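Residue numbering for the sequence shown follows the working numbering, beginning at 60 and increasing consecutively.
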Amino acid sequence: MGQRFSLPSLTSPVQSAGPTGRIESLDIIIVVLESASELAEIGAGLQITPNSSRLLKGWGVYEKLQSQAVEPKSLLVHRYSGKILAKEDEFDKHMKEKYGSPFSDVHRVDLQQALVARARELGVVLRLGQRVESLDLDSIKDPDLREMVTNPSVHFWVGPGAHVVAYSLKGGTMYNIVLLVPDDLPESVARQPGSVEEMKKLFQGWDPVLTRFLECVDKVDKWKLMHREQMDSWISERGNLVMM
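Shown next, in the form of structure tokens:
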């Protein structure tokens, strides 16, 4: 039976101690809540590709995993009868030369233990045998927002210097919000990452339902809506080219 407790303010809970529950060093208390009562040896092998090992190195995790990781020295493809169809020697060397980071085979529990060890070094608190029963300010359960997502309709908000279009996607399980504001991108840039804080500031004081949606956003992109002068004709004089 898991222990019951409430989290103090300025605490960021992360559910699960698995790889998807990765946390980074922040200037707040981090508490990882894991439903398992112990970090037992459950699971099987994992192949860590160079893009993943590069991330683990950057997080200071790979060095803790390295003694248990195996870097395969060759790669072989067999026919069902046993005949070797393809073979690459020095596979480990080629991976490092091509991608700048190793390809490794590890046991899931070794990766988990390395993640836990690094997290604890950063001051993370790990609580085992815990189940999350409720979350305050859980926007996913906000009745107003859920109603708008699950009951398809198109919403427009029009305001000073900006307007918004929003509608449901994927059978009422996703909500798409397009925010149209004056262009401030450089002339040569058509798209780039935006700032969540800038987005919230631009729509401060708008409809509380809209701003609650924007509070759920953790990533935003900017892109230009391009306008061109109208052409005299969309078909060439010879009639052999049509602009679509």
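Ideal Cβ placement from N, Cα and C applies to all residues, glycine included.
Nothing here was measured: the structure is a model prediction, and the numbers come from that model.
Ordered along the chain, which non-local residues of its own chain (more than five positions away) have a Cβ less than 8 Å from that of residue i?
i	result
LEU228	TYR234, ASN235
ASP169	LEU124, GLN127, ALA128
LEU261	ALA221, LEU238, VAL240
Just mark residue i as buried or exposed, buried being the case when its beta carbon has 16 or more other beta carbons within 10 Å.
i	result
ARG177	buried
ILE143	exposed
PRO67	Confidence at PRO67 is low in this model, with a pLDDT of 48, below 50, so its placement is unreliable and no value can be given for it.
MET154	buried
ILE107	buried
GLN263	exposed
ALA128	buried
MET171	For the sequence presented, residue 171 should be read as Gln rather than Met. Classification for GLN171: buried.
LEU300	exposed
LEU135	exposed
So residue i and residue j are in contact, right, with Cβ under 8 Å, and what is the actual spacing, rounded?
i	j	result
ASP203	VAL268	5 Å
ASP148	SER160	Rounded, the Cβ-Cβ distance is 20 Å, inconsistent with contact.
ALA221	LEU239	6 Å
ARG271	ASP201	6 Å
Would you mind stating whether residue i and residue j have Cβ atoms separated by less than 8 Å?
i	j	result
VAL208	PHE215	no
LEU105	VAL165	yes
PRO245	GLY231	no
VAL279	GLY253	yes
ASP151	GLU180	no
ARG167	ALA99	no
TRP282	ALA249	yes
For residue i, which residues of its own chain have a beta-carbon under 7 Å away from its beta-carbon, when the five flanking residues on both sides are left out?
i	result
LEU284	none
SER112	TYR121, SER160, PRO161, SER163
TRP265	TRP216, GLY218
ALA173	VAL120, LYS123, LEU124
Going by beta carbon distance, what residues of the same chain come within less than 6 Å of residue i, once the five residues before and after it are set aside?
i	result
LEU85	Reliability of the predicted coordinates at LEU85 is poor, the pLDDT of 46 falling under 50, and no value is obtained from them.
SER96	LEU187, GLY188
LYS259	LEU273
VAL185	In the sequence on display, residue 185 carries Leu and not Val. Around LEU185: VAL91.
VAL213	TYR226
TYR158	PRO109
Measuring from the CB of residue i, is there a heavy atom of the ligand NAD at a distance below 7 Å?
i	result
LEU170	As presented, the structure is devoid of all ligands, the ligand NAD included, so that no description of it is given.
I'd like to know whether the C-beta of residue i is nearer than 8 Å to at least one C-beta of chain D.
i	result
THR232	Going by chain labels, chain D is absent from the structure shown, which holds only one protein chain.
Problem set entry | Inside the region 205-291 only - beta strand (DSSP E) runs reaching at least 3 residues | 214-218, 221-228, 233-239, 250-252, 280-282
For this session: Mind listing, in chain order, the continuous beta strand (DSSP E) runs of no fewer than 3 residues lying wholly within the region 121-189?
Result: Every beta strand (DSSP E) stretch that sits fully inside the region 121-189 and reaches 3 residues is listed by chain position as 133-137, 143-148, 163-166, 184-187.
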